[in-house]
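Before any comments, here is the structure.
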Amino acid sequence: LAKDFGRNSFRFFSPEQHRLIQSRYQMGSDLQAALDNGEFQLYFQPKVGLHTGRPTSCEALLRWLHPQLGFISPAEFIPLAEDLGLINRIGRFVLEEACQQIARWREQGEEINVAINLSARQFQQGDIAEQILECLKQHNLPAHLLSVELTESCFLYCPEETKEALNTLRSQGIQVAIDDFGTGYSSLSYIRTIALDILKIDRSFLVNLEASEVDRAIVTSIIEMSHVLGLQVVAEGIEHQSQVTILKQMKCDQLQGFLLARPMPADAFINWYKHQNA
Ligand code: C2E
Ligand code: MG
Ligand code: MG
Ligand code: MG
Numbered sequence: 557l558a559k560d561f562g563r564n565s566f567r568f569f570s571p572e573q574h575r576l577i578q579s580r581y582q583m584g585s586d587l588q589a590a591l592d593n594g595e596f597q598l599y600f601q602p603k604v605g606l607h608t609g610r611p612t613s614c615e616a617l618l619r620w621l622h623p624q625l626g627f628i629s630p631a632e633f634i635p636l637a638e639d640l641g642l643i644n645r646i647g648r649f650v651l652e653e654a655c656q657q658i659a660r661w662r663e664q665g666e667e668i669n670v671a672i673n674l675s676a677r678q679f680q681q682g683d684i685a686e687q688i689l690e691c692l693k694q695h696n697l698p699a700h701l702l703s704v705e706l707t708e709s710c711f712l713y714c715p716e717e718t719k720e721a722l723n724t725l726r727s728q729g730i731q732v733a734i735d736d737f738g739t740g741y742s743s744l745s746y747i748r749t750i751a752l753d754i755l756k757i758d759r760s761f762l763v764n765l766e767a768s769e770v771d772r773a774i775v776t777s778i779i780e781m782s783h784v785l786g787l788q789v790v791a792e793g794i795e796h797q798s799q800v801t802i803l804k805q806m807k808c809d810q811l812q813g814f815l816l817a818r819p820m821p822a823d824a825f826i827n828w829y830k831h832q833n834a
């Protein structure tokens, strides 16, 4: 049929678009296999108390080592996994790995809170809180060793499921953090109705902290509001000492960023952690 319209006239996509679609398609099918082939691994990045300078807890960040392409960023494959309906399987893997790791460190005498990231799709399924509580139980872990991080998009896409799950989790002692705060399209109204523990200020508000009076005003306000509401504040993506100085004056609670430590495999993390606390 295409021939009747002449050579090349039946093309929907430019070669560049075609290549993109194909690589996305290819990556999607690779993603299916990645779980079975053990290509996923958790890295851990510490959060550090701003006043003590000591690590308080950490965040689990997923890494995919693709056999041909090398490391692929979660910023790339998580949205794809969401589109392909694979995020729930990946999410279960992350939960299980995180709980195993908490249990291993605990056996070594280190009680470290690990935060896992949850995407809106995981709340949509409706049983995420039960999955988490079940996993803690299987590993015989107290709830205070696990935190969850979610973005404002969860309140936009599935407000009821998210609200219900967070209430269940918090009632059992799991800490709840809002991630990338300030970048979502959601209103502040969820903050009034949902009990939270931690607010993580997105890196984009902090990169120009020294130069931008506007950003300093925003960050000061976020910190003050959080404290009035009884929330702890974490500043994300800290790379410069000048940011630390300013955030200290602003009475921010915790820092996370390359300046303190990069995300690390579990063994490197625990060595770093013990050394910092020695
Ligand atoms: P996030 O949860 O906001 O995680 C923080 C991201 O900032 C991480 O990127 C971390 O490596 C990076 N980061 C930390 N310190 C610095 C810094 O000083 N400078 C800069 N430029 N970046 C810094 P990563 O690991 O690439 O993850 C990107 C996003 O992917 C995460 O953002 C999170 O939204 C998502 N993600 C990662 N792991 C998971 C997961 O297990 N499940 C889900 N649903 N999402 C995940
Ligand atoms: Mg996070
Ligand atoms: Mg973040
Ligand atoms: Mg992010």
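Here the sequence shown stands for residues 557 to 834, where the numbers follow UniProt numbering.
Even glycine gets a Cβ: it sits at the ideal position worked out from N, Cα and C.
Being a predicted model, the structure only gives us computed values, none of them experimental.
In this structure, the straight-line span from the alpha carbon of residue 772 to that of residue 678 is close to 34 Å.
Remark: fewer than three beta-carbon pairs, one from each stretch, lie closer than 8 Å, so the segment 581-597 and the segment 698-706 are not flagged as touching.
By the criterion of a C-beta distance shorter than 8 Å, residue 664 is surrounded in its chain by 826, once the five residues flanking it on both sides are discounted. Annotation for residue 634 indicates a beta carbon within 6 Å of some heavy atom of ligand 1. Relative to ligand 3, the nearest heavy atom lies less than 6 Å away from the CB of residue 735. For residue 646, the closest alpha carbon among the candidates 748, 626, 684 is that of 684. Residue 615 is bridged by DSSP to 601, 671. Looking at the backbone, the Cα of residue 748 and that of residue 572 are separated by about 46 Å. For residue 716, the distance from the CB to the nearest heavy atom of ligand 1 is not below 6 Å.
Residue 703: not part of any alpha helix (DSSP H); member of the beta strand (DSSP E) spanning 702-707, first to last residue. The C-beta separation of residue 765 from residue 604 comes to about 17 Å, leaving the pair out of contact by the 8 Å criterion. When distances are taken from the beta-carbon of residue 780 to the heavy atoms of ligand 3, even the shortest one reaches 6 Å or more.
For residue 791, the three-state secondary structure derived from DSSP is strand. Using a Cβ-Cβ distance cut-off of 8 Å, the segment 776-791 and the segment 806-824 are in contact, since at least three pairs of beta carbons, one from each stretch, lie closer than that value. Going by C-alpha positions, residue 832 is about 42 Å away from residue 582. The straight-line gap separating the alpha-carbon atoms of residue 744 and residue 778 is approximately 11 Å. Contact between the segment 657-672 and the segment 609-618 is present, with at least three C-beta pairs closer than 8 Å. A distance below 7 Å separates the beta carbons of residue 595 and residue 620.
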